[in-house]
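Engineer:
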Amino acid sequence: MTVTATAAPTTAAGTLYVYGIAPEGARPPRTSGVAGAPVRLLTGSGLCAAVSDAPASLRARRRDLTAHQAVLTELAARGPVLPMRFAALSSGPEELLDRLRTHRAHLADQLDAVRGCVEMNVKGVVVPGHFADLVRRDGSLRALARRTRQRPGYEANVRLGEALAKGVAREARGAAREVLARLVPLAVRTAQGPVDDERVLSTSFLVRAADEQRFRDAVTERAGAVGDRLTLSLTGPLPCYSFVDPPSAPAGR
Numbered sequence: 012m013t014v015t016a017t018a019a020p021t022t023a024a025g026t027l028y029v030y031g032i033a034p035e036g037a038r039p040p041r042t043s044g045v046a047g048a049p050v051r052l053l054t055g056s057g058l059c060a061a062v063s064d065a066p067a068s069l070r071a072r073r074r075d076l077t078a079h080q081a082v083l084t085e086l087a088a089r090g091p092v093l094p095m096r097f098a099a100l101s102s103g104p105e106e107l108l109d110r111l112r113t114h115r116a117h118l119a120d121q122l123d124a125v126r127g128c129v130e131m132n133v134k135g136v137v138v139p140g141h142f143a144d145l146v147r148r149d150g151s152l153r154a155l156a157r158r159t160r161q162r163p164g165y166e167a168n169v170r171l172g173e174a175l176a177k178g179v180a181r182e183a184r185g186a187a188r189e190v191l192a193r194l195v196p197l198a199v200r201t202a203q204g205p206v207d208d209e210r211v212l213s214t215s216f217l218v219r220a221a222d223e224q225r226f227r228d229a230v231t232e233r234a235g236a237v238g239d240r241l242t243l244s245l246t247g248p249l250p251c252y253s254f255v256d257p258p259s260a261p262a263g264r
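Numbered by my numbering, the letters in the sequence shown go through residues 12 to 264 in order.
#1: Which residue's Cα is closest to the Cα of A116: S56, F216, V237?
#2: Rounded to the nearest angstrom, what separates V45 and Y28 at their Cα positions?
#3: Should R126 and E85 be called a contact, given that it needs their Cβ atoms to be closer than 9 Å?
#4: On a CA-only basis, which of Q121, R38, A87, L69 is nearest A48? Give me that one, please.
#5: From L58 to D120, what does the alpha carbon distance come to, in whole angstroms?
#6: List the endpoints of the continuous alpha helix (DSSP H) containing P104.
#7: Given T246, which residues of its chain have a CB within under 7 Å of its CB, disregarding the five upstream and five downstream residues?
#8: Candidates A187, V82, V92, A180: which alpha carbon is nearest A236's?
#9: Ends of the beta strand (DSSP E) at R210?
#10: For L197, I'd like the list of residues in its chain whose CB is within less than 7 Å of its CB, leaving aside the five on either flank, ordered along the chain.
#11: Give the single residue among T26, A192, P205 whose Cα lies nearest to the Cα of E105.
#12: Which residue comes first and which comes last in the beta strand (DSSP E) that contains G235?
#13: Just to confirm before moving on: does the CB-CB distance between A61 and Y30 stay below 9 Å?
#14: Report the option in V136, L93, A33 whose CA atom is closest to the CA atom of V206.
#15: Quick test of your reading: V92 and L83, contact by CB under 8 Å. State the CB separation rounded to the nearest angstrom.
#16: Could you tell me which of G204, E189, H114 sits nearest to G238, measuring between CA atoms?
#17: Rounded to whole angstroms, what is the Cα-Cα separation between T201 and C128?
#18: Could you check which residue in V195, M95, E232, E209 has the C-alpha nearest to that of S215?
Here you go:
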């Protein structure tokens with residue numbers, strides 16, 4: 012099943028805003044939800060959905076994005092939760108309870124899979140190279156730099172600059188592989204995020220909560236080891252967005 016996050020300019024009366032799904036018996040969050048609405052739990056089939064009344068107009072304002080995340084963070088701190096993306100809506104309690112009943116086994120399995128775990132996200136951005144060190148280590152770059160000094164010119168400088176940029180990116184990708192080799196064994200699962208020529212590492216890790224500090228320490232150690240090639244950033248703990256497949260909650264009509 013997949014999440015449908017419908018960012019609707021307006022919502023019908025009775026529409027519910029859905030934050031996430033937790034096991035039955037979870038405590039309702041004290042954090043206010045989107046548009047300041049109180050959050051309540053809708054319970055059925057051994058599960059509960061954290062919901063609030065959807066605002067008449069729903070847009071991705073910073074304060075509402077922050078409220079959505081805060082509700083999920085509070086729920087996740089107390090137990091497993093299947094987080095919905097921002098602006099997941101349901102037409103009303105009956106429809107949502109029916110979905111909980113229909114997909115109960117799948118949802119229970121998903122909750123078991125993330126129980127006792129948190130999501131940690133690691134990104135790595137290319138560091139502009141120490142060109143002298145790079146040229147010293149790379150024979151082809153040394154030869155190209157020597158030819159450029161001997162026969163300087165615009166085209167020669169462009170070729171050298173492009174070769175250096177490729178060398179820097181190659182070194183950063185190598186550093187990213189080193190980071191992953193250290194961190195992957197510390198995680199239950201991983202999920203690859205989008206990368207490009209500048210951000211060469213973007214991976215989410217499903218980490219047991221008891222291992223969070225160990226994971227943080229490993230990231231810090233790797234950041235020091237590869238810091239001349241790759242700048243690492245760590246975000247978390249997060250609700251396990253990358254490792255769950257909660258049910259869709261289409262907007263009411």
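Using N, Cα and C, we set each Cβ at its ideal position, and we do this for glycine too.
Keep in mind the model is a prediction, meaning the values are calculated, not measured.
Structural biologist: The structure says:
#1: One-based indexing of the sequence shown puts residue 116 at position 105. Closest by alpha carbon: S56.
#2: Taking the sequence shown and counting its residues from 1, one reaches residue 45 at position 34. Taking the sequence shown and counting its residues from 1, one reaches residue 28 at position 17. V45 and Y28 have their C-alpha atoms spaced approximately 8 Å apart.
#3: One-based indexing of the sequence shown puts residue 126 at position 115. One-based indexing of the sequence shown puts residue 85 at position 74. Their beta carbons are not under 9 Å apart, which means R126 does not touch E85 by this criterion.
#4: Working through the sequence shown from its first residue, we reach residue 48 at position 37. Minimum Cα distance to A48 is reached at L69.
#5: Walking along the sequence shown from the start, residue 58 turns up at place 47. Walking along the sequence shown from the start, residue 120 turns up at place 109. C-alpha of L58 to C-alpha of D120: approximately 12 Å in a straight line.
#6: In the sequence shown, the residue the question calls residue 104 occupies position 93. Segment 104 to 113, the alpha helix (DSSP H) holding P104.
#7: Residue numbering aside, residue 246 sits at position 235 when the sequence shown is read from its first letter. Here the set comprises N132.
#8: Mapped onto the sequence shown, residue 236 falls at position 225. Ranking A187, V82, V92, A180 by Cα distance to A236 puts A187 first.
#9: Reading the sequence shown from its first residue, position 199 is the one you call residue 210. That run of the beta strand (DSSP E) goes 210 to 219.
#10: Position 186 of the sequence shown, counting from 1, holds the residue named residue 197. Only V218, D222, R225, F226, A229 meet the Cβ criterion.
#11: Taking the first residue of the sequence shown as position 1, residue 105 is located at position 94. Of T26, A192, P205, the smallest CA-CA separation from E105 is found for T26.
#12: If you number the sequence shown from 1, residue 235 lands on position 224. Counting along the chain, G235 sits inside no beta strand (DSSP E); it lies in the alpha helix (DSSP H) bounded by residues 223 to 237.
#13: Walking along the sequence shown from the start, residue 61 turns up at place 50. Walking along the sequence shown from the start, residue 30 turns up at place 19. Pairing A61 with Y30 gives a Cβ-Cβ distance under 9 Å.
#14: Sequence index remark: in the sequence shown, residue 206 carries index 195 (1-based). Checked all of V136, L93, A33; the closest Cα to V206 is V136.
#15: Start at 1 with the first residue of the sequence shown, and residue 92 comes out as number 81. Start at 1 with the first residue of the sequence shown, and residue 83 comes out as number 72. Confirmed, about 6 Å.
#16: Start at 1 with the first residue of the sequence shown, and residue 238 comes out as number 227. Among G204, E189, H114, the Cα nearest to that of G238 belongs to E189.
#17: Within the sequence shown, numbered from 1, the residue matching residue 201 stands at position 190. Within the sequence shown, numbered from 1, the residue matching residue 128 stands at position 117. The straight-line gap from Cα to Cα measures roughly 12 Å.
#18: Here residue 215 refers to the residue found at position 204 when the sequence shown is read from its first residue. Distance check between S215 and each of V195, M95, E232, E209 places V195 closest, using alpha-carbon atoms only.
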